[in-house]
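To keep things clear, I will list the structure first and then write my remarks on it.
Number of protein chains: 2
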Amino acid sequence: MDSETSKRLSELIHKERVAHLGTLRGEAPMVGMTLFIPMSDFSLFYVHVSRLAWHTQDMEKDPRVALSIAETDDGRPDPFTLMRVTIRGTAERIPNDDRLVPDLKVAWLSRFPEQAINFTLADFSFWKIAPRDARFIAGFGKIHNLSAKELAAAGAP
Amino acid sequence: MDSETSKRLSELIHKERVAHLGTLRGEAPMVGMTLFIPMSDFSLFYVHVSRLAWHTQDMEKDPRVALSIAETDDGRPDPFTLMRVTIRGTAERIPNDDRLVPDLKVAWLSRFPEQAINFTLADFSFWKIAPRDARFIAGFGKIHNLSAKELAAAGAP
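As you go down the protein sequences, you meet chains L and R in turn.
In this text, residue positions in the first sequence follow our numbering: the first is 594, and each later residue adds one.
In this text, residue positions in the second sequence follow our numbering: the first is 594, and each later residue adds one.
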C-alpha cells in the first residue's frame with residue numbers, strides 16, 4: 594500500500610463515527626450498527642455497548658468479529674466507489690473497573706458527547722477489538738488485504 | 594409496530610443505498626459494504642455482486658446472511674440515535690439468464706445508473722436475499738423484532 598492509499602485509509606477510519614459490527618448468532622451471521630473509536634495506531638478498536646444489545650451477547654459467546662467501516666454516502670452518482678474497510682479480529686470485554694476505562698471514557702465522550710448517559714447505566718461496557726487483518730477497498734478494483742501490522746502502519750503518524 | 598414506526602422503517606429501507614452484508618467466512622463473521630435494492634414489499638432484497646468479492650464467495654458456500662442498513666450519518670450530535678435495521682435471511686444466486694434479470698437490471702440501473710459497466714462483466718450476478726426476520730432499532734431503546742411477514746407489512750403500501 595503506497596503512502597497516499599495509507600493516508601486515505603487513515604482518514605476513513607478517523608473520520609467515520611459509525612461501523613457495522615458482525616458477530617455470530619446461533620452460528621449464523623449477525624450485523625448491527627455501532628459507534629467506535631480507534632486507538633490512534635489502529636492496534637485496537639473500541640466499542641461501548643450494552644449487554645442488552647445482541648452483538649454484545651454474541652461477543653460474550655464467541656469473540657470473533659468483523660467491523661465494517663464505510664465512507665458516509667454523500668449522494669455521489671456511484672456509491673460503489675465509496676471507500677470501505679473491514680477489520681476482522683477478536684473482541685474482549687474491558688471490566689468497568691479497569692484502569693483504562695477513565696481514559697477511554699474521556700476519548701469516547703470527546704467523540705460522542707451525547708453518550709454520557711450510557712456511562713450511568715450498569716449494562717454498558719467497553720469492548721476492545723484486536724485486529725487480525727483488514728481488507729481495504731479504496732475504490733472499484735482497488736483492494737488491499739492488510740495484516741494487523743500493515744493496518745497499524747497506516748495508523749502510525 | 595404502529596403505523597408511524599412502520600412508515601419510518603419503510604422510508605429507511607427505500608432511502609438508503611448502502612448496506613453492510615454479513616456472511617460466514619471460515620465459519621467466522623465477515624462484513625462488507627454492498628449496494629442493494631428491496632422488492633417493493635420487502636419480501637426480497639437484491640444485491641448485484643462480483644464473484645471476486647469475498648461476500649459472494651462466502652454466500653456460495655453458506656447462504657446465511659445478515660443485511661444491515663443504517664440511516665446515513667448526518668453529523669447529528671448523537672449518532673447512536675440513527676435508525677437501523679438488520680435483515681437476516683438466506684441468499685440465492687439468480688442465474689444471469691433468468692427471466693427476472695432484465696427487469697432487475699432496469700430497477701438496478703434506475704437506482705445506480707453508473708453501474709452499467711458491471712453488467713458487461715461476466716463475474717457479476719444478482720443474488721436475492723429472502724428475509725427470515727428483521728430487527729429494527731428506531732432510536733435509543735426503540736427495538737422492534739419483526740418476522741418476515743411483519744417486515745413485509747411495513748413494505749406494503
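By construction, the Cβ of each residue, glycine as well, lies at the ideal position given by its N, Cα and C atoms.
Is the CB-CB distance between residue i and residue j below 8 Å?
i: S703 (chain L); j: V642 (chain L); result: no
i: L628 (chain R); j: P672 (chain L); result: yes
i: F831 (chain R); j: A745 (chain R); result: In this structure chain R extends from 594 to 750, so residue 831 (chain R) is not present and cannot be described.
i: D726 (chain R); j: N711 (chain R); result: no
i: P724 (chain L); j: A741 (chain L); result: yes
i: R686 (chain L); j: W720 (chain L); result: yes
i: F733 (chain L); j: L602 (chain L); result: no
Smallest Cα separation from residue i: which of the options?
i: S633 (chain L); options: L:E604, L:L714, L:N738; result: L:E604
i: P706 (chain L); options: R:D716, R:R669, R:D651; result: R:R669
i: P688 (chain L); options: L:W647, L:V699, L:D716; result: L:D716
i: R697 (chain L); options: L:L637, L:M626, L:R618, L:L617; result: Inspection of the sequence shows that residue 697 (chain L) is occupied by Leu rather than by Arg. Closest by alpha carbon: L:L637.
i: A752 (chain L); options: L:L714, L:L645, L:H607; result: Because chain L spans 594 through 750 in this model, residue 752 (chain L) falls outside it and cannot be assessed.
i: L645 (chain L); options: R:S596, R:A749, R:I736; result: R:I736
i: A659 (chain L); options: L:D595, L:T616, L:L714; result: L:T616
i: L693 (chain R); options: R:S599, R:Q650, R:Y639, R:T649; result: R:Y639
i: S649 (chain R); options: R:I722, R:K600, R:P631, R:T713; result: At residue 649 (chain R) the sequence reads Thr, which differs from the Ser that was named. Residue R:I722 is the option with its Cα nearest to T649 (chain R).
i: D651 (chain R); options: R:I630, R:A749, R:R618, R:S661; result: R:R618
With residue i and residue j assumed to form a contact (beta carbons below 8 Å), what rounded beta-carbon distance in angstroms separates them?
i: L675 (chain R); j: M676 (chain L); result: About 20 Å; that fails the 8 Å criterion.
Comparing the C-beta of residue i with each C-beta of chain C, is any distance below 8 Å?
i: F712 (chain L); result: Structure shown: chain C not included; protein chains present are L and R.
Below 8 Å, how does it come out for the region 663-670 of chain L and the region 599-613 of chain L: are there three or more Cβ pairs, yes or no?
Yes, the region 663-670 of chain L touches the region 599-613 of chain L.
Would you check if the region 669-688 of chain R and the region 676-691 of chain L touch, i.e. whether three or more CB-CB distances between them fall below 8 Å?
Judged by pairs of C-beta atoms under 8 Å, the region 676-691 of chain L does not touch the region 669-688 of chain R, as fewer than three such pairs exist.
Output, in sequence order along the chain, the residues in the region 731-749 of chain R whose CB is closer than 7 Å to any CB in chain L.
none
Specify whether the region 648-659 of chain R and the region 615-625 of chain L touch according to this definition: at least 3 beta carbon pairs, one from each stretch, less than 8 Å apart.
yes
Could you run through the region 676-708 of chain L and flag, in chain order, every residue whose CB is less than 8 Å away from some CB of chain R?
R677, T679, R681, F705, P706, E707, Q708
At a Cβ cut of 9 Å, what residues of the region 611-624 of chain R count as close to chain L, listed as they run along the chain?
V611, A612, H613, L614, G615, T616, L617, R618, E620, A621, P622, M623, V624
Using a Cβ-Cβ cut-off of less than 7 Å, list which residues of the region 627-640 of chain L approach chain R; keep chain order.
L628
Residues of the region 647-671 of chain L with a CB closer than 8 Å to any CB of chain R: list them in chain order, please.
Correct list: W647, R657, V658, A659, L660, S661, A663, T665, D666, P670, D671.
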